[in-house]
Amino acid sequence: MDRNFKPDGYNSLSPYFVVNGAQRFVDLIKNLFNATELRRYDRPDGTIMHVELRIDDTVIMVGDSSEQFPANHLLIHVYVPDVDEVFSRALELECVPVEEPKESEGDPDRRGTFKDFAGNIWSVATQGK
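Take the sequence shown: its letter number 57 is residue 58 in the working numbering, and every next letter is one higher.
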């Protein structure tokens, strides 16, 4: 099997966020999840054609919406070391709460949910908190 079919350190599946305001989204994800920017390609007008961000062991992809690629909305689940801290930071960064962090019977995770400015829903969880 050819091991060079993807960049080193990348996962096979990467959610792709197309948003109106990609730089604002990039800043949010960096502040919220301590994401690292990997590759980036800007358009001549300064909008983001494509940028890749690493959140822990996962790479997400982001681009500014356009006529060819309209904005999308995703529901994403992310495991984080401290769900309460991340949820609180999300609210400080002007995300909208959907469900405060809580434990549910039969679920080993403590989970909270919020919506970002672009309409994406984030479910963050910590197992065994």
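Here a beta-carbon is modelled for each residue, glycine too, at the ideal position from N, C-alpha and C.
Comparing alpha-carbon positions, which option in Pro16, Met50, Asn73 and Glu101 lies nearest Ser124? On the sequence shown, residue 124 is found 123 positions in, with the first residue counted as 1. Measuring C-alpha to C-alpha distances from Ser124 to each of Pro16, Met50, Asn73 and Glu101 identifies Glu101 as the nearest.
Measuring CA to CA, which of Glu53, Arg41, Phe34 and Asn21 is closest to Asn12? Working through the sequence shown from its first residue, we reach residue 12 at position 11. The shortest Cα separation from Asn12 among Glu53, Arg41, Phe34 and Asn21 belongs to Glu53.
Out of curiosity, what's the CA-to-CA distance linking Lys116 and Pro98? The count along the sequence shown starts at 1 and reaches residue 116 at position 115. The count along the sequence shown starts at 1 and reaches residue 98 at position 97. Lys116 and Pro98: Cα-Cα distance of roughly 6 Å.
Once DSSP output is grouped into helix, strand and coil, what is the label at Glu95? Sequence index remark: in the sequence shown, residue 95 carries index 94 (1-based). Coil at Glu95, not helix or strand.
Are there 16 or more other CB atoms within 10 angstroms of the CB of Thr37, so buried, or fewer, so exposed? Sequence index remark: in the sequence shown, residue 37 carries index 36 (1-based). Burial call: exposed.
Counting beta carbon pairs with one atom in the region 38-51 and one in the region 82-94, are three or more of them shorter than 8 Å? no
Would the beta-carbon of Ala119 fall within 8 Å of that of Phe26? In the sequence shown, the residue the question calls residue 119 occupies position 118. In the sequence shown, the residue the question calls residue 26 occupies position 25. Contact: yes.
Starting from the Cα of Gly107, find the closest Cα among Phe88, Thr114, Ile122 and Gln128 and give me that residue. If you number the sequence shown from 1, residue 107 lands on position 106. Nearest of Phe88, Thr114, Ile122 and Gln128 to Gly107, Cα basis: Gln128.
Count the other CB atoms within 10 Å of the CB of Leu1; is the residue buried (16 or more) or exposed (fewer)? Outside the shown range of the chain (2 to 130) lies residue 1, about which nothing can therefore be said.
Within 10 angstroms of the Cβ of Gly113, are there 16 or more other Cβ atoms? Answer buried if so, exposed if not. Position 112 of the sequence shown, counted from the start, is the residue given in the question as residue 113. Buried, by the Cβ-count rule.
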